[in-house]
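> Quick one: the structure is below, and I'll ask about it shortly.
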Amino acid sequence: MRPAASELFAHGVGGRADLPIPAALAFLGAAAALLVSFAVLAFAWRSPRFRGDDSGRALPSWLARVVDSPLTRAVLVITALLFAGWVSMAAVFGSDTLVNPTFGSVYVLLWVGLVPAAILFGHLYRLCNPLRWLHCGLSRLAGTDPTSGVRQYPAALGYWPAAGLLFAFVWLELVDPAIAQDLSAVRLWFAIVAALTLMGAAVYGDTWFEHGDPFEVYSSLVARLSPFGRRTDKTPVVRNPLENLDGLRAKPGLVAVVAVLFGSTGFDSFKDSSRWLGFSQQYTEHATLLNTTALLTFCLAVYVTFVATSVATGGIGHIADVRRRDLPDLMAHSVVPIVVGYVVAHYLSF
156 MRPAASELFA HGVGGRADLP IPAALAFLGA AAALLVSFAV LAFAWRSPRF RGDDSGRALP
216 SWLARVVDSP LTRAVLVITA LLFAGWVSMA AVFGSDTLVN PTFGSVYVLL WVGLVPAAIL
276 FGHLYRLCNP LRWLHCGLSR LAGTDPTSGV RQYPAALGYW PAAGLLFAFV WLELVDPAIA
336 QDLSAVRLWF AIVAALTLMG AAVYGDTWFE HGDPFEVYSS LVARLSPFGR RTDKTPVVRN
396 PLENLDGLRA KPGLVAVVAV LFGSTGFDSF KDSSRWLGFS QQYTEHATLL NTTALLTFCL
456 AVYVTFVATS VATGGIGHIA DVRRRDLPDL MAHSVVPIVV GYVVAHYLSF
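Structure follows, in structure tokens:
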């Protein structure tokens, strides 16, 4: 595959400009804004103002019937499965050329397209997730219940599996163009993730997809900013996206997921800056190691900064019955709009 074309696919659309201000100042400003905003909230917003999943105005009855219609769901699922099967066939049997649809499907339709799809249609990916349906089919053949596994999912594990696999994906996409444009590498990555996901689902049931499937977790996180959702009684509703976001439950690993998404997007901008290019070109034989280290540093910087500023707010104002170490996960949902906005702005700037 030609380098220019592969770079286009690996980043969704094309190139980007450098950050308008030094990266260090951008991160310092973000940290300061986060700390100040939480400090203000600690004093000015002492009682909940959102009702989360209990809120929302029910959709018109005719629209609710269309949304919940078995026919609507069947059409969406069958279309998604046919498309996933076609891409899989192209990945396995297709040639490593520009016209192979695997690269565009993975880096554009899946990774970039997932965000607007989740904002516009909510938890669409969860409904159409090919691995969910494969797990369901295998469970039926084995005579087992796909919703329950042989063990209960450990609460302490939370979203950590998804965070790790999301980092593995952004590593595949961003660290080395030769790897990102290598069809065999993409095949291997998805084969490993599919195997891990199906094994996790066999042990923990559907709960694994909610916590360990990287794309479903990412989609579900973004879907919390959709104006559409469901009440706790499953009624489809339209609501303030912030009400939707308030329904996101704090779990271990949520901060790590946010840090990977935010940090990798920042690294994607930084790695094409003139300063980094000038430095890394002096060590071309170690380019992959340098980029891996930089990517990890960006993600860790976001994680450490968020945890530190969140814990620091425990000493500002009065937060009753909350341990400081629990604050990062409790506050992680507050930066989801920032992360999504940054991701959208990043890809629109290509």
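Sequential numbering from 156 applies to the sequence shown in our numbering.
For every residue, glycine included, the Cβ atom is placed at its ideal position computed from N, Cα and C.
1. Is ASN399 closer than 8 angstroms to SER381 when the C-beta atoms are compared?
2. Leaving out five residues before and five after ASP173 in sequence, what residues of the same chain have Cβ atoms less than 6 angstroms from its Cβ?
3. Would you mind working out which of LEU237, VAL377 and HIS366 sits nearest LEU289, comparing C-alpha positions?
4. According to DSSP, which residues form a beta bridge with PRO391?
5. Name, in chain order, the residues that DSSP records as bridge partners for ARG212.
6. Using 8 angstroms as the cut-off, can you tell me whether the region 270-278 makes contact with the region 369-381, which would need three or more C-beta pairs spanning the two stretches below that distance?
7. Between PHE370, ARG404, VAL358 and LEU444, which lies nearest to ASP481 when the distance is taken from Cα to Cα?
8. Looking at the structure shown, is HIS278 part of a helix, part of a strand, or coil, going by DSSP?
9. Short of 6 angstroms in beta carbon distance, which residues of its chain neighbour SER294, apart from the five on each side in sequence? Order them along the chain.
10. Output needed for LEU327: all residues of its chain with C-beta closer than 8 angstroms, excluding positions within five of it in sequence on either side, in chain order.
11. Check ALA481 in the structure and name its three-state DSSP category.
12. Which runs of the alpha helix (DSSP H) spanning at least 4 residues fall entirely within the region 402-455, listed in chain order?
13. Would you kindly work out how many angstroms separate the C-alpha atoms of PRO483 and THR390, rounded to a whole number?
14. Between the region 443-450 and the region 353-369, are three or more C-beta pairs nearer than 8 angstroms?
15. Given 8 angstroms as the limit, is there contact between the region 297-314 and the region 361-370, that is, 3 or more CB pairs closer than that?
16. Is GLY313 helix, strand or coil by DSSP?
17. Taking the C-alpha atoms as reference points, what is the distance between GLY211 and ASP401?
18. Look at the alpha carbon of TRP431 and the alpha carbon of PHE324, and state the distance between them as a whole number of angstroms.
19. Just to confirm my understanding: we take PRO158, look at its own chain, exclude 5 residues before and 5 after, and list those with CB closer than 8 angstroms. What are they?
20. Am I right that VAL221 and VAL305 are in contact with their C-beta atoms under 8 angstroms? What's the rounded C-beta distance?
21. Residues in the same chain with beta-carbon distance under 7 angstroms from CYS507, minus the five sequence neighbours each way, listed in chain order, please.
22. With HIS488 as the anchor, note down where its alpha helix (DSSP H) starts and where it stops.
23. Return the residue from the list ARG385, GLY384, VAL372 and VAL392 that minimises the CA-CA distance to LYS406.
24. In terms of residues, what are the limits of the alpha helix (DSSP H) holding ARG379?
25. So the candidates are TYR262, GLY360 and SER260; which of them puts its Cα closest to the Cα of GLY292?
26. Within 10 angstroms of its Cβ, does MET244 collect 16 or more other Cβ (buried), or is it exposed?
27. Starting from the C-beta of CYS454, find all residues in its chain whose C-beta is less than 7 angstroms away, skip the five residues before and the five after it, and write them out in chain order.
28. For the alpha helix (DSSP H) holding TYR359, just list the boundary residues, first then last.
29. Helix, strand or coil: how does DSSP classify SER224 here?
30. Which of the three DSSP states, helix, strand or coil, is assigned to TRP266?
31. Among ILE274, GLY496, ALA246 and LEU485, which one has its Cα closest to the Cα of VAL466?
32. Suppose the cutoff is 8 angstroms on Cβ atoms and the five residues either side in sequence are ignored; what does the same chain contact list for GLY249 look like?
33. With H, G and I counted as helix, E and B as strand and the rest as coil, what does DSSP make of ASN399?
Quick look at the numbers:
1. Yes, the pair counts as a contact, with Cβ atoms nearer than the cut-off.
2. Residue placement at ASP173 is poorly supported in this model, since its pLDDT is 48, which falls under 50; the coordinates still yield a value, given next. So the list reads SER428, once near-sequence residues are dropped.
3. Closest in alpha carbon position to LEU289, among LEU237, VAL377 and HIS366, is LEU237.
4. Bridge partners of PRO391 according to DSSP: ARG385.
5. Paired residues: VAL393.
6. With a cut-off of 8 angstroms, the region 369-381 and the region 270-278 count as touching, because enough Cβ pairs lie within range.
7. Closest option to ASP481, judged by alpha-carbon separation, among PHE370, ARG404, VAL358 and LEU444: ARG404.
8. In the three-state reduction of the DSSP assignment, HIS278 falls in the coil class, being assigned neither a helical nor a strand state.
9. PRO301.
10. These residues qualify, in order along the chain: ILE334, ALA335, ALA340, VAL341 and TRP344.
11. Rather than Ala, the amino acid found at residue 481 in this sequence is Asp. If DSSP states are grouped into helix, strand and coil, ASP481 belongs with the helices.
12. The region 402-455 contains these whole alpha helix (DSSP H) runs: 409-425 and 429-435.
13. Here the alpha carbons of THR390 and PRO483 stand approximately 31 angstroms from one another.
14. With a cut-off of 8 angstroms, the region 353-369 and the region 443-450 do not count as touching, because too few Cβ pairs lie within range.
15. Note that the region 297-314 touches the region 361-370; at least 3 beta-carbon pairs, one per stretch, sit closer than 8 angstroms.
16. Note: GLY313 maps to coil in three-state DSSP.
17. A direct Cα-Cα distance of roughly 12 angstroms separates GLY211 from ASP401.
18. Spanning the two alpha carbons is a distance of roughly 22 angstroms.
19. With a pLDDT of 47 at PRO158, under the threshold of 50, the predicted position of this residue should be treated as unreliable, and no value is reported.
20. Under the criterion of beta carbons closer than 8 angstroms, VAL221 and VAL305 do not qualify as touching, at roughly 38 angstroms.
21. Look at the range of the chain in this structure, 156 to 505, and you will see that residue 507 is not part of it.
22. No alpha helix (DSSP H) holds HIS488; DSSP gives it neither H nor E.
23. That would be VAL372, whose Cα lies nearest to the Cα of LYS406.
24. Annotation: ARG379 is outside any alpha helix (DSSP H) and is labelled neither H nor E by DSSP.
25. Ranked by how close their Cα comes to the Cα of GLY292, the residues TYR262, GLY360 and SER260 have GLY360 in first place.
26. Exposed, since its Cβ has fewer than 16 Cβ neighbours within 10 Å.
27. Around CYS454: PHE322, ALA414, VAL415, GLY418 and SER419.
28. Segment 338-359, the alpha helix (DSSP H) holding TYR359.
29. SER224 falls in the coil class under three-state DSSP.
30. In the structure shown, TRP266 sits in coil (DSSP, three-state: anything other than H, G, I, E or B).
31. Ranking ILE274, GLY496, ALA246 and LEU485 by Cα distance to VAL466 puts LEU485 first.
32. Hits under 8 angstroms: ASN255, PRO256, THR257 and LEU338.
33. Correct three-state label for ASN399: helix.
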